[in-house]
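Visitor: Note that the sequence shown covers residues 65 to 374 in our numbering.
Every residue, glycine too, gets a C-beta built ideally from N, C-alpha and C.
Remember, it's a predicted structure, so these values are computed and weren't measured experimentally.
One structure, as structure tokens, below. Some questions next.
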Amino acid sequence: MKVSVLTATYNRCEDIEKLYNSLVVNKNSGVDFEWLIMDDGSTDKTKLVVDGFLKQGIIDVKYFTQHNMGKMVATNNLMSEVTGDICFTCDSDDYLTVEAMDIIRKHSKVLLEDDGLYALCFLKKNEKGNISGRKFPENFMRTDMFSLYFRENMTGEKCLVFKTAVRKKYHHEVEGDEKFVTESRMYNKMDLDYDILCINEVLEIGDYKRDGYTKNYLEYFRKAPNGYYEYFRELLELDLTGVAFKKKMYIYKHYILFAVLANRKHAISRVLGFRNKLIIALLWIPGKIKTKKQFKIKNMEKKENGKAKR
Numbered sequence: 065m066k067v068s069v070l071t072a073t074y075n076r077c078e079d080i081e082k083l084y085n086s087l088v089v090n091k092n093s094g095v096d097f098e099w100l101i102m103d104d105g106s107t108d109k110t111k112l113v114v115d116g117f118l119k120q121g122i123i124d125v126k127y128f129t130q131h132n133m134g135k136m137v138a139t140n141n142l143m144s145e146v147t148g149d150i151c152f153t154c155d156s157d158d159y160l161t162v163e164a165m166d167i168i169r170k171h172s173k174v175l176l177e178d179d180g181l182y183a184l185c186f187l188k189k190n191e192k193g194n195i196s197g198r199k200f201p202e203n204f205m206r207t208d209m210f211s212l213y214f215r216e217n218m219t220g221e222k223c224l225v226f227k228t229a230v231r232k233k234y235h236h237e238v239e240g241d242e243k244f245v246t247e248s249r250m251y252n253k254m255d256l257d258y259d260i261l262c263i264n265e266v267l268e269i270g271d272y273k274r275d276g277y278t279k280n281y282l283e284y285f286r287k288a289p290n291g292y293y294e295y296f297r298e299l300l301e302l303d304l305t306g307v308a309f310k311k312k313m314y315i316y317k318h319y320i321l322f323a324v325l326a327n328r329k330h331a332i333s334r335v336l337g338f339r340n341k342l343i344i345a346l347l348w349i350p351g352k353i354k355t356k357k358q359f360k361i362k363n364m365e366k367k368e369n370g371k372a373k374r
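What follows is the structure in structure tokens.
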């Protein structure tokens with residue numbers, strides 16, 4: 065059994081060494097693993113730092129570069145280089161727990177031998193030792209990512225360890241020249257054919273930066289409205305049975321938000337189901353006003369129409 069750890073990085077030379085050191089410690093587990101790094105066009109000393117890792121030769125490090133296209137494209141490109149039976153991503157400002165590889169090895173058999181699973185889902189914590197969000201209501205709970213967050217009301221970030229043979233069938237769908245899309249868009253497609261197994265053990269430690277996604281989600285919304293629009297449109301195509309009204313309203317409101325940000329025409333008609341269309345139609349005007357106010361959008365339609373006439 066071999067494990068592949070994937071890291072997309074951009075100007076994180078001061079952080080990536082902590083991840084490297086955690087991997088070096090995990091070498092003591094005896095688990096065969098490789099670390100695949102995609103440098104997403106860094107302008108700092110990332111290459112110099114990684115060259116130091118390569119010269120030490122303590123762990124198997126493979127370094128790749130690409131023009132700045134974002135984390136999701138970087139991860140897509142890394143997947144073609146994966147040689148492990150199991151794979152997972154670890155952000156460059158996160159790092160592994162001391163027992164991470166031991167935990168993966170302990171549970172790898174059930175993942176690799178169960179044809180109905182695409183991933184094991186583990187916990188993450190911050191440097192103060194606090195779990196990100198909540199623990200799973202049941203250890204070894206079998207479910208899917210959509211049900212976990214929309215029916216079980218799970219919160220916080222989790223760490224998915226994938227069966228590589230299944231993971232390679234899917235990719236992150238990035239819209240146009242946008243550089244980001246939520247991982248959940250891919251997970252929802254995987255959920256249609258496979259399950260996950262939730263395990264209450266911590267695999268990663270997250271040190272969230274001020275310039276990271278967790279701190280600046282509104283800016284990501286503004287820069288990647290089309291990807292988010294498609295994500296919420298696809299959510300409305302799923303079976304929402306068992307999803308609480310509050311969660312459904314979350315989907316409706318965000319569908320409107322991103323339809324406005326992406327300046328999508330005929331957004332209501334694109335929604336499947338009479339009930340969904342009716343609710344979105346009723347929420348459309350107040351939602352549009354709120355979005356424009358929140359993101360300080362002025363005369364968007366006039367600007368777009370002006371461009372079209374040129």
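(1) Can you check whether the CB of Cys151 is closer than 8 Å to the CB of Arg249?
(2) When DSSP builds the beta bridges, which residues end up paired with Lys66?
(3) Leu175 to Gly197, Cα distance in whole Å?
(4) Run the CB neighbour count on Tyr251, radius 10 Å, all protein chains shown included, and call it buried at 16 or more, exposed below.
(5) Looking at the structure shown, is Ile123 part of a helix, part of a strand, or coil, going by DSSP?
(6) For Ile252, report the span of its alpha helix (DSSP H) as first-last.
(7) Let's test the definition: count the other Cβ atoms within 10 Å of the Cβ of Gly148 and tell me whether it reaches 16, buried, or not, exposed.
(8) Rounded to whole angstroms, how far is the Cβ of Lys188 from the Cβ of Cys223, which I believe are closer than 8 Å?
(9) For Ile263, tell me which candidate among Gly94, Lys360, Glu301, Leu184 has the shortest Cα-Cα distance.
(10) Taking Lys45 as the reference, which of Asn340, Val113, Leu325, Arg334 has the closest Cα?
(11) Going by the DSSP bridge assignment, what does Asn190 pair with across the sheet?
(12) On the premise that Phe97 lies in contact with Ser68, defined as a C-beta separation below 8 Å, what is that separation, rounded to the nearest angstrom?
(13) Thinking just about the alpha-carbon of each residue, which of Val113, Gln120, Ser211 is nearest to the one in Tyr258?
(14) Tell me the rounded alpha-carbon separation between Ile315 and Phe226.
(15) Pull up the distance between the alpha-carbon of Met218 and that of Met254, whole angstroms please.
(16) Using the three-state DSSP reduction, which class does Ile263 fall into: helix, strand or coil?
(17) Strictly by DSSP, which residues pair up with Met102?
(18) By the 10 Å Cβ neighbour count, where 16 or more other Cβ atoms means buried, how is Ile349 classified, buried or exposed?
(19) Return the first residue and the last residue of the alpha helix (DSSP H) that Tyr213 is part of.
(20) Tell me the residue span of the alpha helix (DSSP H) that contains Leu346.
(21) Measuring alpha carbon to alpha carbon, tell me which residue in Lys312, Tyr292, Phe309 is nearest Arg328.
Guide: Result, derived from the coordinates:
(1) As a working mapping, residue 249 is identified with position 185 in the sequence shown. As a working mapping, residue 151 is identified with position 87 in the sequence shown. No; because the gap between Cβ atoms is not below 8 Å, this pair is not in contact.
(2) Residue mapping note: residue 66 aligns to position 2 of the sequence shown, counting from 1. Answer is Asp96.
(3) Here residue 175 corresponds to residue number 111 of the sequence shown, with the count starting at 1. Here residue 197 corresponds to residue number 133 of the sequence shown, with the count starting at 1. Distance between the alpha carbons of Leu175 and Gly197 is about 24 Å.
(4) In the sequence shown, the residue the question calls residue 251 occupies position 187. Classification for Tyr251: buried.
(5) For the purposes of this step, residue 123 is taken as residue 59 along the sequence shown, with counting starting at 1. Here Ile123 sits in coil by DSSP.
(6) For the purposes of this step, residue 252 is taken as the residue at position 188 of the sequence shown. In the sequence on display, residue 252 carries Asn and not Ile. Asn252 -> alpha helix (DSSP H) spans 248 to 255.
(7) Along the sequence shown, one-based indexing puts residue 148 at 84. Classification of Gly148: buried, given that the 10 Å Cβ count is 16 or more.
(8) Within the sequence shown, numbered from 1, the residue matching residue 188 stands at position 124. Within the sequence shown, numbered from 1, the residue matching residue 223 stands at position 159. So it is a contact: roughly 5 Å between Cβ atoms.
(9) Position 199 of the sequence shown, counted from the start, is the residue given in the question as residue 263. The option with the nearest alpha carbon to Ile263 is Leu184.
(10) What the structure shows of the chain is the stretch from 65 to 374, and residue 45 is not part of that stretch, so it cannot be assessed.
(11) Here residue 190 refers to the residue found at position 126 of the sequence shown. Gly270, per the DSSP bridge assignment.
(12) For the purposes of this step, residue 68 is taken as residue 4 along the sequence shown, with counting starting at 1. For the purposes of this step, residue 97 is taken as residue 33 along the sequence shown, with counting starting at 1. Right, the Cβ-Cβ distance comes to about 7 Å (below 8 Å), so this counts as a contact.
(13) Reading the sequence shown from its first residue, position 194 is the one you call residue 258. The shortest Cα separation from Tyr258 among Val113, Gln120, Ser211 belongs to Ser211.
(14) Within the sequence shown, numbered from 1, the residue matching residue 315 stands at position 251. Within the sequence shown, numbered from 1, the residue matching residue 226 stands at position 162. Ile315 and Phe226: Cα-Cα distance of roughly 27 Å.
(15) What you label residue 218 is simply residue 154 of the sequence shown in a count that begins at 1. What you label residue 254 is simply residue 190 of the sequence shown in a count that begins at 1. Spanning the two alpha carbons is a distance of roughly 18 Å.
(16) By one-based count along the sequence shown, residue 263 stands at place 199. Reduced to three states, the DSSP call for Ile263 is strand.
(17) Here residue 102 corresponds to residue number 38 of the sequence shown, with the count starting at 1. Ala72, Phe128.
(18) Here residue 349 refers to the residue found at position 285 of the sequence shown. With fewer than 16 Cβ atoms within 10 Å of its Cβ, Ile349 is classed as exposed.
(19) Position 149 of the sequence shown, counted from the first residue, corresponds to residue 213. That run of the alpha helix (DSSP H) goes 209 to 214.
(20) Indexing the sequence shown from 1 puts residue 346 at position 282. Counting along the chain, the alpha helix (DSSP H) containing Leu346 begins and ends at 338 to 358.
(21) The sequence position of residue 328 within the sequence shown is 264, counting from 1. It is Tyr292 whose Cα lies nearest to the Cα of Arg328.
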